[in-house]
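Below: one structure, written as structure tokens.
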Amino acid sequence: MTDLLSKFDALIAERQALLDSGVRDPFSIVMDEVKSPTEAVINGKRTILLGTYNYMGMTFDPDVIAAGKDALDRFGAGTTGSRVLNGTYQGHKECEEALKEFYGTEHAIVFSTGYQANLGVVSTLAGKGDYVVLDADSHASIYDGCYLGNADIVRFKHNSVEDLEKRLRRLPAEAGKLVVLEGVYSMLGDIAPLKEMVAVAKAAGAMILVDEAHGMGFFGEHGRGVFEEAGVSDDIDFVVGTFSKSVGTVGGFCVSNHPKFEVLRLVCRPYVFTASLPPSVVATAATSIRKLMHAADKRAHLWKNSRRLHQGLRDLGFSLGTETAQSAIIAVIMPDQMTTVRMWQALLELGLYVNMARPPATPAGMFLLRCSLCAEHSDDQVDDILGMFKAASEAIGYRQGTS
Amino acid sequence: MTDRAEVYNRILELIAPINKKGITLSEDTSFANDLELDSLTVMDLVAAIEDEWDITLPLNMLPDLETIGQLADAVAKLTR
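Protein chains in written order, with the working numbering: chain E, 3 to 405; chain X, 56 to 135.
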């Protein structure tokens with residue numbers, strides 16, 4: 003018998019070697035208690051959370067929680083059904099209404115996760131003979147959406163308008179084309195030059211999908227995302243997003259003004275062949291989305307936090323993923339796996355949780371300590387965070403450029 | 056139409072700089088098993104080939120192109 007798991011032997015050995023060196027496993031953290039959007043208890047220690055994507059801090063919003071409890075009481079713990087059978091409740095429709103209002107679109111479809119939204123929309127829109135044109139650093143859910151479908155997949159260099167244009171030019175003029183872009187790229191926290199990219203894609207006769215998972219809530223006048231801030235709303239055919247970041251729960255969605263959009267409900271397999279979100283989840287999402295429409299103060303504070311952390315880490319000498327704070331993700335670029343894990347653990351022992359990211363999730367083989375800010379982080383917490391970065395790098399003897 | 060032999064020879068030139076182990080290249084040389092190219096290097100090579108002949112090699116086609124010979128066949132067909 004061939005052991006099917008033996009193909010992972012190299013990874014198992016690498017992980018074991020790392021753990022044998024005495025460090026904790028960065029991918030097995032357990033939150034024992036969660037105190038607020040910005041604090042949890044990990045290993046008995048009160049810890050500041052700086053790696054949650056809980057940008058707008060909606061997870062503990064009193065109105066959001068009340069809506070969830072009420073729906074749990076009135077509609078039960080789960081739907082036990084697909085959206086197209088017994089799994090569409092009034093709450094799912096209300097959630098889609100909230101999305102339509104938030105995005106100012108004619109249509110909205112709610113999926114059970116953001117991953118499934120991309121999986122479903124990309125695989126269904128682009129079929130055999132069509133082309134999906136995507137950024138090389140696209141999220142795994144976009145790649146997986148491509149592999150679930152039958153379209154030809156063409157990849158362009160990350161954020162390169164020139165490369166996108168070149169690749170589109172090589173495709174047959176009459177072929178169907180879907181250009182997939184992300185507002186914010188989650189590994190380095192950099193944003194896409196959407197104005198230029200959208201112009202190039204439109205000129206090539208492509209339809210455009212923008213994933214605003216990390217942009218919803220605090221980019222653009224209505225918080226719709228980077229595409230709104232770039233002033234290209236009218237040229238975007240489909241916007242995909244998630245409830246698991248700014249909205250503060252779980253779920254995914256796609257909004258559009260396309261007149262035939264509703265047909266996706268019948269043909270999109272990741273929508274049809276899975277159970278719908280529980281009533282409490284769609285109730286919390288709808289309430290949160292409506293509150294995000296009027297969250298100017300929170301947005302301003304989130305941007306202030308992001309800029310302060312970026313500047314502070316720079317002043318401490320860390321190498322960062324972007325020149326300025328382009329989003330609420332600040333990525334600290336580390337030299338290698340061992341230094342990254344030691345730094346990550348030193349931060350955790352001081353009471354700070356950040357994400358460790360490594361290949362293949364990261365571009366160009368990078369090791370990152372990825373920080374994501376929350377609108378609920380206080381000014382004092384940002385000071386504490388910077389203090390802990392300084393203390394941790396001293397504790398492990400890490401100085402940028404010397405390790 | 057591009058000549059298959061011409062394509063093959065030019066591909067060998069493009070691979071030379073990334074042939075780190077200095078193995079002898081042939082029609083049957085495998086990218087994964089012989090050249091042991093990582094995914095980033097493969098991406099650069101694919102981009103170089105696309106630029107060289109102004110063609111598109113879709114990502115989904117790559118798993119079928121295991122050897123230099125198979126790649127040369129695909130490129131020659133695409134440039135016809």
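We put the beta carbon where it would ideally sit given N, CA and C, even for glycine.
With the cut-off set at 8 angstroms, would you say residue i and residue j are in Cβ contact?
i	j	result
V101/X	L117/X	yes
V334/E	L315/E	yes
V135/E	A215/E	no
Y137/E	H160/E	At residue 137/E the sequence reads Asp, which differs from the Tyr that was named. Closer than 8 angstroms, so yes.
S282/E	G24/E	no
L304/E	M58/E	yes
M408/E	L371/E	The requested residue 408/E is not part of the displayed model; chain E covers only 3 to 405.
S278/E	T251/E	no
R157/E	L114/X	yes
E96/E	A288/E	yes
T111/X	D83/X	no
L92/X	I73/X	yes
R259/E	T40/E	Note that residue 259/E is Asn in the sequence shown here, rather than Arg. Not in contact: N259/E and T40/E (Cβ atoms no closer than 8 angstroms).
V66/E	T286/E	yes
F220/E	A330/E	yes
Y133/E	A73/E	no
L2/E	L375/E	In the structure as shown, chain E starts at 3 and stops at 405, and residue 2/E therefore has no counterpart that could be examined.
Identify whether residue i lies in helix, strand or coil by the three-state DSSP scheme.
i	result
V199/E	Looking at the sequence provided, one finds Met at residue 199/E rather than Val. It is helical.
I104/X	helix
R372/E	strand
C97/E	helix
Y355/E	strand
H243/E	Here residue 243/E is Gly; the residue named in the question, His, does not match the sequence. If DSSP states are grouped into helix, strand and coil, G243/E belongs with the strands.
L136/E	strand
H141/E	coil
Y187/E	strand
M415/E	It is not possible to answer for residue 415/E, since the shown part of chain E is limited to 3 through 405.
S405/E	Any reading at S405/E must be qualified, since the residue scores a pLDDT of 38, below 50, and its modelled position is unreliable; the value itself is stated next. Three-state DSSP puts S405/E in coil, outside helix and strand.
D317/E	helix
F391/E	helix
I238/E	coil
F104/E	helix
A426/E	An answer regarding residue 426/E cannot be provided, because it is not within the stretch 3 to 405 covered by chain E.
T79/X	coil
A110/E	strand
F229/E	helix
S85/X	strand
K130/E	coil
K159/E	coil
Hey, out of the options, whose CA is closest to residue i's CA?
i	options	result
G185/E	Q92/E, A15/E, V242/E, R360/E	V242/E
T96/X	N307/E, G367/E, S395/E, K392/E	G367/E
V249/E	M358/E, C270/E, G227/E	G227/E
L268/E	S258/E, I111/E, Y400/E	I111/E
E396/E	N88/E, S380/E, W346/E, Y91/E	W346/E
S380/E	A194/E, K306/E, E223/E, T324/E	K306/E
L51/E	R301/E, Q383/E, G389/E, P280/E	Q383/E
L350/E	D386/E, G319/E, V234/E	D386/E
H141/E	G129/E, S30/E, V212/E, D34/E	V212/E
N45/E	F29/E, M33/E, S38/E, K37/E	M33/E
C148/E	Y117/E, M189/E, D165/E, E176/E	Y117/E
T54/E	S246/E, K300/E, G323/E	S246/E
D75/E	L196/E, I155/E, P280/E	P280/E
D236/E	F220/E, L196/E, E264/E, K262/E	L196/E
I155/E	V163/E, A128/E, G399/E	A128/E
D165/E	V181/E, A153/E, A175/E	V181/E
S143/E	K130/E, K179/E, L183/E, G131/E	L183/E
L190/E	S321/E, V86/E, K262/E, G89/E	S321/E
I193/E	A175/E, E231/E, A73/E, I210/E	E231/E
F263/E	G83/E, S8/E, H109/E, A177/E	H109/E
F104/E	T324/E, D11/E, T82/E, F255/E	F255/E
T276/E	V257/E, V265/E, G253/E, P261/E	G253/E
P365/E	G80/E, L87/E, S188/E	S188/E
P28/E	V265/E, G151/E, F369/E, L388/E	F369/E
E61/X	S85/X, L120/X, E107/X	E107/X
Beta-carbon of residue i versus every beta-carbon of chain A: anything under 8 angstroms?
i	result
N74/X	Among the protein chains of the structure shown, namely E and X, there is no chain A.
message: For the pair the segment 163 to 174 of chain E and the segment 197 to 207 of chain E, tell me if three or more CB-CB distances fall below 8 angstroms.
response: Contact between the segment 163 to 174 of chain E and the segment 197 to 207 of chain E is present: three or more C-beta pairs spanning the two stretches fall below 8 angstroms.
field: In chain order, each beta strand (DSSP E) run of at least 3 residues that lies wholly inside the segment 25 to 89 of chain E
entry: 35 to 38, 41 to 44, 47 to 51
- request: Taking 8 angstroms as the threshold, find out whether the segment 291 to 303 of chain E comes into contact with the segment 86 to 103 of chain E through three or more Cβ pairs.
  value: Contact holds: three or more Cβ-Cβ distances are below 8 angstroms.
- prompt: How do the segment 123 to 133 of chain E and the segment 257 to 273 of chain E stand: do at least 3 beta-carbon pairs fall below 8 angstroms, yes or no?
  reply: yes
Any 3 or more C-beta pairs closer than 8 angstroms across the segment 10 to 20 of chain E and the segment 349 to 364 of chain E: no
task: Ignoring anything shorter than 3 residues or poking outside the segment 240 to 294 of chain E, list the beta strand (DSSP E) runs there in chain order.
output: Unbroken beta strand (DSSP E) runs of no fewer than 3 residues, entirely contained in the segment 240 to 294 of chain E, are found at 240 to 244, 254 to 258, following chain order.
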